[in-house]
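Peer 1: Sharing a structure here in structure tokens format.
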Ligand code: SF4
């Protein structure tokens, strides 16, 4: 009987079984950022411990960095204190730090892959739930809390429970204007935001094989919104092509040996799974969320659901969603007027996302009442976009082209909604207050759909514009 | 280091309405601009509790009837969203010592366990009944017993559930994981022989 990728990698990395019955899992790559790590460093200092593997730990700063005026010291004293803390902690323990004064800084889930740190067959942990993104390379990657960061710093291992594996078998051909973001929003709408609890998601099938690495990252990124802590795609030629030549990727003979290892971790043809879900993307239309969690999504062709039509378990949250969003049941999502468009984040802040958005914005102007923020996910993405002239397209259209960071995905920096503003956002969470205003409202969609909404001033079907 | 063994917790309850309460609601991101967890208790559920001008909204945490209560009664998928340990830290520093709910997001539940906060699941009907009981009689003493995996709230009793490892961690006083992990330093070092990427494929 064949084995799936999850079990292969787990078994390889299992150090021991703990008295609690949990597995002790070795962590191949530990990524850290400024928001969830300072308390962990304080904890190891308090216990007189050190960092076990500074050579397997890499740091950046992304959540709090201002995207408009990056000069130090930051205008926000608390943000300045946080960046100083990570500078000090990484210096003291000899951890490589990709700060804003380097050409490698960016959102932690964007820079890991683009530097070739993220590789197939690894276990990857980071104090951030969207660590699932790295699973696109055929790794087991998951978010952890600060006490667990302490554990990884001190021991390079974690106490974990093994997950079950659900295979999501995806067939069909995406139509023009429909993207990986739409696939994952459809999955979340179908399986719900807690449907994946206890599972790792394996995304497989012909439609997944056809996705490029950046699209696979978008897919894996939002696994956690469905309750699945881990999402992955089996490594294949697309993965290897992406990695070749990256800064931390192996070279020469080591590359050949790496290929052997990477291929060996992929799920066997006769691998078994704890559960299976199948979908066909042939008829998939662009998706938009309408509520306060990412599973409350409809296609741009649909109307908002009637609460009475929903399963009993979803009604309470739907009622809260309608109250917060100030939307009416049964109305179409298309035509909903927006105030802000945000294009960026670890879900959709890579070069292909900006190409998609630029294709819509080229030669067009955004609506007069819309403020549009375009925020590259990393310094490298920014440089690449500028080399291709995308920033000119965005500026000519009336958008603001900013410095890299998380920005309005969670609004820990000055980029935020005010009052009840409605935002069309390419990020991953539409939770109440997520974009910085307790009464602010968020619609999640793809970069092309966000660009279309910025131009039209309202939610519209991007397929009519391309 | 051996931790306190946590087998029985008793206290009054706070009935928190709503399903899918995410960690952004438990602690909004702007309060995470800090390098210690110390002051987080006051910001638990901040935006659900206060208007922009600071006036109090109707919320169980503002209700004098539930002052100093220690057991949170939640709905389904509680703690979904971000991995921020700031969420359980804020609850703990507010004074919460256990959470009873229909279901929990995994990262949140794990974060609670390592802080010694049991999060236990119960059937929807039982959670509802407990919520009602506490609403009508806020002084009801809720007893959570991790040995028998039962809750007793003034005669209302029902079964609870939690991952076996979490139960063992708490009742065995093993919830601080660092010590357990450090014990296997030798085996950890041996991983270099098993994982070719640690040798850069050489
Ligand atoms: S972009 Fe958003 S979701 Fe991604 S790491 Fe930053 S804050 Fe988290």
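Protein chains in written order, with this note's numbering: chain A, 10 to 475; chain B, 207 to 408.
Each residue gets a CB set at the ideal place from its N, CA and C atoms; glycine is no exception.
In this text, all values refer to a predicted model and were calculated from it rather than measured experimentally.
Is it the case that the CB of residue 354 (chain A) approaches a heavy atom of ligand 1 more closely than 6 angstroms?
Peer 2: yes
Peer 1: Counting pairs of Cβ atoms below 8 angstroms between the segment 340–360 of chain B and the segment 115–124 of chain A, do you hit three or more?
Peer 2: no
Peer 1: Apply the 10 Å Cβ neighbour rule to residue 48 (chain A) and answer buried if 16 or more other Cβ atoms are within range, or exposed otherwise.
Peer 2: buried
Peer 1: Please report the straight-line C-alpha distance between residue 370 (chain A) and residue 146 (chain A), rounded to a whole angstrom.
Peer 2: 31 angstroms
Peer 1: Is the beta carbon of residue 216 (chain B) less than 7 angstroms from the beta carbon of residue 170 (chain A)?
Peer 2: Taking 7 angstroms as the Cβ cut-off, residue 216 (chain B) and residue 170 (chain A) do not qualify as a contacting pair.
Peer 1: Within a Cβ cutoff of 6 angstroms, which residues of the same chain sit near residue 194 (chain A), ignoring the five residues on either side of it in sequence?
Peer 2: Same-chain partners within the cutoff: 296, 306.
Peer 1: Is it the case that the segment 362–378 of chain A contacts the segment 405–425 of chain A, given that we only count it when at least three CB pairs across the two stretches are under 8 angstroms?
Peer 2: yes
Peer 1: Quick check: what's the CA-CA separation for residue 199 (chain A) versus residue 304 (chain A)?
Peer 2: 8 angstroms
Peer 1: Give the interface partners of residue 87 (chain A) over in chain B, defined as CB-CB distance under 8 angstroms, in chain order.
Peer 2: 239, 240
Peer 1: For the segment 32–114 of chain A, which segments carrying the beta strand (DSSP E) assignment without a break, of at least 3 residues, lie completely within its bounds, in sequence order?
Peer 2: DSSP runs (the beta strand (DSSP E)) wholly in the segment 32–114 of chain A: 32–35, 38–41, 66–69.
Peer 1: Would you say residue 202 (chain B) reaches chain A, if we count a Cβ-Cβ gap shorter than 7 angstroms as a contact?
Peer 2: The displayed coordinates of chain B run from 207 to 408. Any statement about residue 202 (chain B) would go beyond what the structure contains.
Peer 1: Taking 7 angstroms as the threshold (beta carbon to beta carbon), is residue 225 (chain B) in contact with chain A?
Peer 2: yes
Peer 1: Alpha carbon to alpha carbon, what distance is there between residue 446 (chain A) and residue 429 (chain A)?
Peer 2: 7 angstroms
Peer 1: Can the beta-carbon of residue 276 (chain A) be found less than 7 angstroms from the beta-carbon of residue 243 (chain A)?
Peer 2: Yes, these two residues count as a Cβ contact at 7 angstroms.
Peer 1: Run through chain A and tell me which residues come within less than 9 angstroms of residue 217 (chain B), C-beta to C-beta.
Peer 2: Near residue 217 (chain B) there are no residues of chain A at all, since even the closest Cβ is about 23 angstroms away, more than 9 angstroms.
Peer 1: Below 6 angstroms CB to CB, which residues in the same chain sit around residue 458 (chain A) once its five sequence neighbours on both sides are set aside?
Peer 2: 295, 471
Peer 1: May I ask whether a heavy atom of ligand 1 can be found less than 6 angstroms away from the beta carbon of residue 137 (chain A)?
Peer 2: yes
Peer 1: So residue 209 (chain A) and residue 237 (chain A) are supposed to be a Cβ contact under 8 angstroms. How far apart are they, rounded?
Peer 2: 6 angstroms
Peer 1: Would you give the residue range spanned by the alpha helix (DSSP H) that residue 381 (chain B) belongs to?
Peer 2: Taken as a continuous stretch (DSSP letters only), residue 381 (chain B) belongs to no alpha helix (DSSP H), as it is neither H nor E.
Peer 1: Write down every uninterrupted run of the beta strand (DSSP E) in the segment 210–259 of chain A whose length is 3 residues or greater and which is fully enclosed by it, in chain order.
Peer 2: 239–242
Peer 1: Grab the span of the beta strand (DSSP E) containing residue 403 (chain B) for me, first residue to last.
Peer 2: Unbroken run through residue 403 (chain B): none, as it is neither H nor E.
Peer 1: Within this structure, are the beta carbons of residue 271 (chain A) and residue 130 (chain A) separated by less than 7 angstroms?
Peer 2: yes
Peer 1: Three Cβ pairs or more, each shorter than 8 angstroms: is that satisfied between the segment 427–443 of chain A and the segment 245–262 of chain A?
Peer 2: no
Peer 1: Taking one C-beta from the segment 147–158 of chain A and one from the segment 319–329 of chain B each time, how about it: are there three or more such pairs within less than 8 angstroms?
Peer 2: yes
Peer 1: If you draw a straight line from the alpha carbon of residue 141 (chain A) to that of residue 99 (chain A), how long is it in whole angstroms?
Peer 2: 24 angstroms
Peer 1: With a threshold of 6 angstroms, establish whether the CB of residue 419 (chain A) neighbours any heavy atom of ligand 1.
Peer 2: yes
Peer 1: Under 6 angstroms from any heavy atom of ligand 1, does the C-beta of residue 240 (chain B) make it?
Peer 2: no
Peer 1: For the alpha helix (DSSP H) that contains residue 295 (chain B), what are its first and last residues?
Peer 2: 292–300
Peer 1: Give the secondary structure of residue 284 (chain B) by DSSP, where H, G and I count as helix, E and B as strand, and everything else as coil.
Peer 2: strand
Peer 1: So residue 138 (chain A) contacts chain B; which residues on that side make the cut at Cβ distance below 8 angstroms?
Peer 2: 287, 288, 289, 313
Peer 1: Could you give the DSSP three-state label for residue 432 (chain A): helix, strand or coil?
Peer 2: The answer is strand: DSSP assigns residue 432 (chain A) an E or B state.
Peer 1: Mind checking whether the beta-carbon of residue 415 (chain A) lies closer than 6 angstroms to any heavy atom of ligand 2?
Peer 2: In the structure shown, ligand 2 is absent; the only ligands present are ligand 1.
Peer 1: Please indicate yes or no: does the CB of residue 233 (chain B) lie closer than 6 angstroms to some heavy atom of ligand 1?
Peer 2: no
Peer 1: Taking 7 angstroms as the CB-CB limit, is residue 354 (chain B) close to chain A?
Peer 2: With 7 angstroms as the cut-off, residue 354 (chain B) does not count as an interface residue toward chain A.
Peer 1: Name the residues in the segment 340–367 of chain A whose C-beta lies less than 8 angstroms from a C-beta of chain B; which are they?
Peer 2: none
Peer 1: With the cut-off set at 7 angstroms, would you say residue 303 (chain B) and residue 247 (chain B) are in Cβ contact?
Peer 2: no
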